[in-house]
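Using our numbering, the letters of the sequence shown correspond one by one to residues 166 to 247. For glycine and all other residues, C-beta sits at the position ideal for the given N, C-alpha and C. On a predicted model such as this, the values are computed, not experimentally measured, just so you know. Report on the following structure.
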Amino acid sequence: MNKNDENELDRLTTFLSEIHKKTELTANQKKALKKAALALSISFIYGHRKEIEELYQNRNKKPTAEQKQHLQSMGIKTDKNK
Numbered sequence: 166m167n168k169n170d171e172n173e174l175d176r177l178t179t180f181l182s183e184i185h186k187k188t189e190l191t192a193n194q195k196k197a198l199k200k201a202a203l204a205l206s207i208s209f210i211y212g213h214r215k216e217i218e219e220l221y222q223n224r225n226k227k228p229t230a231e232q233k234q235h236l237q238s239m240g241i242k243t244d245k246n247k
């Protein structure tokens, strides 16, 4: 992990920590937030920041036919109405 990645991870985990401290959360929500912070940290440590950034940038794009087929092959429904 390079210095730029370290700085971004620190920035993001600081935000998550602030949310944890300032927001009234249920025990399950706190647990989910902690797991999200851990997953983010591990992703950065293992060099997956680029993939995270790409997924974030493309989060509102509809999946391609090939992506839908792949999701369906794993048993994931791709139509919200199903």
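Ala202 and Arg178 - do their beta-carbons sit closer together than 9 Å? The amino acid occupying residue 178 in the given sequence is Thr; Arg does not appear at that position. Yes; because the gap between Cβ atoms is below 9 Å, this pair is in contact.
DSSP on Tyr221, reduced to helix/strand/coil? helix
Going by DSSP in three states, Gly240 sits in which element: helix, strand or coil? coil
Assess, as a yes-or-no matter, whether the region 187-198 is touched by the region 213-223 under the definition of 3 or more beta carbon pairs within less than 8 Å. no
Thr188, DSSP secondary structure in three states: coil
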